[in-house]
Structure formats: structure tokens, C-alpha cells
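**Student:**
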Amino acid sequence: MDSFRAWTEIDLDALAQNLRSVCQRAGPGVRVMLVVKQDAYGHGAVAIAHHARRCGIDALGVGSSQEALELRQAGLQAPILILGTVVEEELPACLRHDIHVGVHAVDRCRSLQKLARTMGVQAHVHLNVDTGMGRLGISPSLALDLLREVHGASHLQLAGLMTHLSAPEGGHCPSSHEQLALFNRLVAEARAEGLPCGWIHSLNSAGLFTNLGATAGMDSGSQMVRVGIAAYGALPRHLMPPDGLHQIMSLRSRIVFLKDVPVDTPVGYGSLWRAPRPTRIATLPIGYGHGLPRNLQGWDVLIGGRRAPLVGRLSMDYATVDVGHLEGVRVGQDVTLLGRDGDEELRLEDLAHSLGTIPHELSCSLGRLPRVFVGGAEPFIPAQSPPREPVKLPLAPSYPVSPPGPPTTSQL
Ligand SMILES: *Cc1c(COP(=O)(O)O)cnc(C)c1O
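Here is the structure:
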């Protein structure tokens, strides 16, 4: 990419392959919601969501009404759920654009019913049950009452019943099984009372990829999974090897300066690194201001398919690499910090692991860089990340509003 100093490259064909693996793992008839909150974890929500829809994904999960409206404005007609909750002021826009919202308490249920009635619309709601996350959601002992209340409200449509697992280890942690047992009991009670539950959804990537499908009742119909990081091909390291998943984000920069230095030359702030021998230092125009963590150390980059170590402390705008052992390195040459170059691949989950974090956090931080999309039916190449200003929408939607009721099952 000629004009960029540092950029991410997003491979839409790899996304499609990952979505296929997710659907296979979820099993036939299970719906898939792709989670695209925080600009699709830094991968670019609009392009990712469009391509996922082209691949047959049923629904999209976002973090806020603003994210939901950005997708609507970009022409996405899929069911969109705000995964957490909304502040009261976000509700009118959600209802106007048929965005599904979570309900966690009776008072929200009542205010939604009132608003939906005034606006003359049906509000699609997902009842969120707190089975152990302790963050949002109604406690299981009160959930049936709330479910009855939703069913009794003329302008509320129950689109789903959900819970969220707290263990990053998914099925490797006993608490996940306990959470699902609580949730399953509730579903069974609701069904025994004849209360429809809509889509039933509990599993995230960790749950799905640690074989919690059967425990979550994936074979019992009306099930959905909510998958984020697996679709982006970077399952955390503590999970099983990512069989059939491909990292879709690469991180690249280029050499802007080369300098031959004598032994013992200090490099970077604090002179934390000194040349152990006469060597050659390549400077890259990427730093912690672009989303790399400042304490990044001991990471190799790829130059012409060969490894070279980052040395010295990362600056806000620059990084330095010891390339003394490489022949033919030149200014202007591309450098891969994550992703493939030749036979080598640098993985997001490995970098995240070495920094004591998870791939979700790292890809979000890198989301501020310019982005190039490759692959996909229609390559999509915006020069910059999507704008961060609030989206202003016309009062009436300019796209066809999706009809109420469940979407069609995904066919990949
Ligand atoms: C973010 C999120 C997910 C997706 O989690 P991954 O680990 O990326 O699969 C699922 N459900 C909820 C409620 C979330 O907030």
C-alpha cells in the first residue's frame, strides 16, 4: 500500500472460511450471530458485516445503538442485537430502525412497551438472564416473571432468551457447565408453561470451540450462537488449536530508514537495548500510537519472509528492528508484524499471549489503523477507518425494515 506508513490487511476469504467452520461446529439448524461490536474488534464492522451476510450469517451483534445505526445506514437489513443494554435515550432510534435490545428488568420492559406503543411499532427484545456473569441480566429466579411480562405486552416481541458465559476457558471451566444448567432449567420451565422463547443463545467462541454445543442443547431447536473472535480466526491460546480457523488480520508497515551502528550503540527511549555487535537498524513508522502496546518486547517481524527482532523501546510513532543478519534489506520494503509472509506466519493470539492479554483487546487497538480489504466477492477498500462522529439518520429509515420474526437459517 503506497500511501500508508502502517496498515491492517483484512482477508475476507479467510473470514468466509472461518464462518463456515463456525457453522459446521454449531451444527445444522443453529443460527449464527456474528458479533461486530467495536468496529468488528478492529476489523471494520461494515465490510465484515456485509461479507458475513453474503456468506449467509443470520444476525449481527453490536455494542451500542450507534454501532447498530451505522450498520443500518450502510444498508444492512439483518437482525441486529445490542448485546449488552442501552441507555434510555437510545431507545427511540432502536425502535425506529428495528434494532433488537436486551431486557434485564421489569421497568425497562414497561418503558419499552410504552414507547413502542406510542411509536406504533413492535419492539424486538431478548431477555438476558444472569447465570453467573454478574454484569447485566436478570437473576434466574425472577426471569420467568419477566418472560410472562414480555409475553403479556402488546408491543413487545420476544425475539430471544440469552445468557453469557463468564469463563474465558468455555467448556474447560466447571462454571460454564453450571451456568448452562441454570439456563437450561429456565428454558425448560418456560417451555413447560408454553411460553415461546424465541432464539435461545448462550455460547460465544470459547463455548462453541470447547464443545459446549450439546450441553447448551444445540440439537434441541431454536438455537443460536454468538461468535466474535473465532470468526476473526484468533481464538485465545488457552483454547484448543484453531482447527479450520484462519487469522484474517495482518499488520504491516514499511522500512523508512536504515542505519549501520557500531557495537554498544543504544537504541530507543531509555537506551534499554544496546547493539551486541556492529549491526544494522531498520526504523518502521509504527508505534504505540497506532495501537501496539508500548511494552511490546521479544517479538520478531517478517521482512522478505525472514524473521528479525524488534529491539529497543517502542516509541509513539516508530519501532526499530535489528536487521544485521539479513541481506538485501532496503528502505521502502514491507514489513509484516502480524500475518503471513512467505512460509512464516505471526499469529495475533501469540502476540496477545506474550503481552498477557487476549486477541480481542489487541485487534481492537489495531482498529485505529487504515485498513485494506482483500478477497471477498467485492473487494472493499476504504482509505481510513470508519468515522467516529455520531451518525445522523433521517427520521424515517431509508432502507426496507426487516419484517418481524426470526430470520432464515444460514446456508453456507
Ligand atoms: C462480545 C460478546 C460475544 C462474542 O465473544 P467472542 O469471545 O468474541 O466469541 C458474545 N456474546 C456477548 C454477550 C458478547 O458481549
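For the sequence shown, my numbering gives the first residue as 167, with consecutive numbering after it. Positions of the beta carbon are idealized from the N, C-alpha and C atoms, including for glycine.
#1: Closer than 6 Å: is that where the CB of V201 sits relative to any heavy atom of ligand 1?
#2: Is W173 helix, strand or coil by DSSP?
#3: Compute the Euclidean distance between the alpha carbons of A474 and A282, then round it to the nearest angstrom.
#4: In chain order, what residues of the same chain have a beta carbon less than 7 Å from the beta carbon of A271, not counting five sequence neighbours either side?
#5: Taking buried to mean at least 16 other C-beta atoms within 10 Å of its own C-beta, is H491 buried or exposed?
#6: Kindly indicate which three-state DSSP category F349 falls into: helix, strand or coil?
#7: Just mark R420 as buried or exposed, buried being the case when its beta carbon has 16 or more other beta carbons within 10 Å.
#8: Quick check: is any heavy atom of ligand 1 less than 6 Å from the C-beta of L249?
#9: How should V429 be labelled, buried or exposed, when 16 other C-beta atoms within 10 angstroms of its C-beta is the threshold for buried?
#10: Give the straight-line distance between the Cα atoms of L185 and G410, rounded to the nearest whole angstrom.
#11: With respect to the alpha helix (DSSP H) encompassing D311, which residues constitute its N-terminal and C-terminal limits?
#12: At a cut-off of 6 Å, is I447 close to ligand 1 when judged by its beta-carbon and the heavy atoms of the ligand?
#13: In chain order, what residues of the same chain have a beta carbon less than 8 Å from the beta carbon of R443, not counting five sequence neighbours either side?
#14: If we count the other Cβ atoms within 10 Å of its Cβ and call it buried at 16 or more, is P402 buried or exposed?
#15: Any heavy atom of ligand 1 closer than 6 Å to the beta-carbon of R197?
#16: What is the residue span of the beta strand (DSSP E) that V228 lies within?
#17: Counting only the same chain and skipping the five closest in sequence on each side, list residues whose C-beta sits under 6 Å from that of R460.
#18: Could you check what DSSP says for R534 in three-state terms: helix, strand or coil?
#19: Measuring straight from C-alpha to C-alpha, what distance separates A397 and L181?
#20: Are G298 and S320 touching if we call contact CB-CB under 7 Å?
#21: For S388, which three-state DSSP category applies?
#22: Could you have a look at T502 and say whether DSSP puts it in helix, strand or coil?
#23: Taking its Cβ as the centre, do 16 or more other Cβ atoms sit within 10 Å of K203, making it buried, or is it exposed?
#24: For E511, which of helix, strand or coil comes out of DSSP?
#25: Based on DSSP bridge pairs, tell me the residues matched to F423.
#26: Is H330 near ligand 1, in the sense that its beta carbon is under 6 Å from a heavy atom of that ligand?
#27: Ignore the nearest five residues each way along the sequence and tell me which others in H404's own chain have a CB closer than 8 Å to its CB.
#28: Just to confirm my understanding: we take A309, look at its own chain, exclude 5 residues before and 5 after, and list those with CB closer than 7 Å. What are they?
#29: So the candidates are I395, L517, D516 and T431; which of them puts its Cα closest to the Cα of H209?
#30: Using the DSSP secondary-structure output, state which residues sit across from R473 in a beta bridge.
#31: Could you check where the alpha helix (DSSP H) with N184 kicks off and where it finishes?
#32: With a threshold of 6 Å (Cβ to nearest heavy atom), would S388 be considered close to ligand 1?
#33: Does the beta carbon of S371 fall short of 6 Å from some heavy atom of ligand 1?
#34: Using only the heavy atoms of ligand 1, determine whether one of them is closer than 6 Å to the beta carbon of V253.
#35: Quick check: does the Cβ of I304 come within less than 6 Å of any heavy atom belonging to ligand 1?
**Tutor:** This is what the structure holds:
#1: Along the sequence shown, read from residue 1 onward, the residue named residue 201 stands at position 35. Inclusion of V201 in the 6 Å shell around ligand 1 follows from its C-beta lying nearer than that to a non-hydrogen atom of the ligand.
#2: Here residue 173 refers to the residue found at position 7 of the sequence shown. In this structure, W173 counts as strand in the three-state DSSP scheme.
#3: Your numbering for residue 474 matches position 308 in the sequence shown. Your numbering for residue 282 matches position 116 in the sequence shown. Between the alpha carbons of A474 and A282 lies a distance of about 59 Å.
#4: Residue numbering aside, residue 271 sits at position 105 when the sequence shown is read from its first letter. Excluding positions up to five away in sequence, the list reads I304.
#5: For this step, residue 491 is matched to residue 325 along the sequence shown. H491 is exposed by the Cβ-count criterion.
#6: Stepping through the sequence shown from its first residue, residue 349 is reached at position 183. Looking at F349 - three-state DSSP - the assignment turns out to be helix.
#7: For the purposes of this step, residue 420 is identified with residue 254 of the sequence shown, where counting begins at 1. R420 comes out buried.
#8: What you label residue 249 is simply residue 83 of the sequence shown in a count that begins at 1. Under cutoff, so the answer is yes.
#9: If you number the sequence shown from 1, residue 429 lands on position 263. Under a 10 Å Cβ-count criterion, V429 is classified as exposed, with fewer than 16 other Cβ atoms of the shown protein chains found around its own Cβ.
#10: Counting from one through the sequence shown, the residue named residue 185 turns up at place 19. Counting from one through the sequence shown, the residue named residue 410 turns up at place 244. Each residue's alpha carbon lies about 10 Å from the other.
#11: The residue given as residue 311 occupies position 145 in the sequence shown. Membership of D311 in the alpha helix (DSSP H) is indicated by the continuous run P306 to G318.
#12: Here residue 447 is taken as the residue at index 281 of the sequence shown, counted from 1. Because no heavy atom of ligand 1 lies under 6 Å away, the Cβ of I447 does not count as near it: no.
#13: Numbered from 1 along the sequence shown, position 277 holds the residue referred to as residue 443. Here the set comprises V429 and G490.
#14: For this step, residue 402 is matched to residue 236 along the sequence shown. So P402 counts as buried.
#15: As a first step, residue 197 is located in the sequence shown; it is residue number 31 there, counting from the start. Checking the Cβ of R197 against ligand 1 gives no.
#16: Here residue 228 is taken as the residue at index 62 of the sequence shown, counted from 1. For V228, the enclosing beta strand (DSSP E) has its first and last residue at A225 to V228.
#17: One-based indexing of the sequence shown puts residue 460 at position 294. Around R460, the same chain offers Y454 and L480 as residues with beta carbons nearer than 6 Å, after the five sequence neighbours per side are excluded.
#18: Counting from 1 along the sequence shown, the entry for residue 534 is found at position 368. In this structure, DSSP gives R534 a state outside helix and strand, which the three-state scheme calls coil.
#19: Here the question's residue 397 lines up with position 231 in the sequence shown. Here the question's residue 181 lines up with position 15 in the sequence shown. Going from the Cα of A397 to the Cα of L181 covers about 6 Å.
#20: Indexing the sequence shown from 1 puts residue 298 at position 132. Indexing the sequence shown from 1 puts residue 320 at position 154. With contacts defined by Cβ atoms closer than 7 Å, G298 and S320 do not form a contacting pair.
#21: Counting from one through the sequence shown, the residue named residue 388 turns up at place 222. Reduced to three states, the DSSP call for S388 is coil.
#22: In the sequence shown, the residue the question calls residue 502 occupies position 336. The answer is strand: DSSP assigns T502 an E or B state.
#23: Reading the sequence shown from its first residue, position 37 is the one you call residue 203. Burial call: buried.
#24: As a working note, residue 511 is residue 345 in the sequence shown. The answer is strand: DSSP assigns E511 an E or B state.
#25: Within the sequence shown, numbered from 1, the residue matching residue 423 stands at position 257. BP columns for F423 point to T449.
#26: As a first step, residue 330 is located in the sequence shown; it is residue number 164 there, counting from the start. Yes; taking the cut-off as 6 Å, the Cβ of H330 has a heavy atom of ligand 1 nearer than that.
#27: What you label residue 404 is simply residue 238 of the sequence shown in a count that begins at 1. Only P334, E335 and H338 meet the Cβ criterion.
#28: Position 143 of the sequence shown, counting from 1, holds the residue named residue 309. The residues are L293, V295 and L352.
#29: For the purposes of this step, residue 209 is identified with residue 43 of the sequence shown, where counting begins at 1. For H209, the nearest C-alpha among the options comes from I395.
#30: Against the sequence shown, residue 473 aligns to sequence position 307. For R473, which the question treats as bridged, DSSP gives the partners L468.
#31: Here the question's residue 184 lines up with position 18 in the sequence shown. Counted as a single uninterrupted DSSP element, the alpha helix (DSSP H) harbouring N184 occupies residues L178 to A192.
#32: Position 222 of the sequence shown, counted from the first residue, corresponds to residue 388. No.
#33: What you label residue 371 is simply residue 205 of the sequence shown in a count that begins at 1. Within the cutoff, so yes.
#34: For the purposes of this step, residue 253 is taken as the residue at position 87 of the sequence shown. No, ligand 1 has no heavy atom inside 6 Å of this Cβ.
#35: Translated into the one-based positions of the sequence shown, residue 304 becomes position 138. No.
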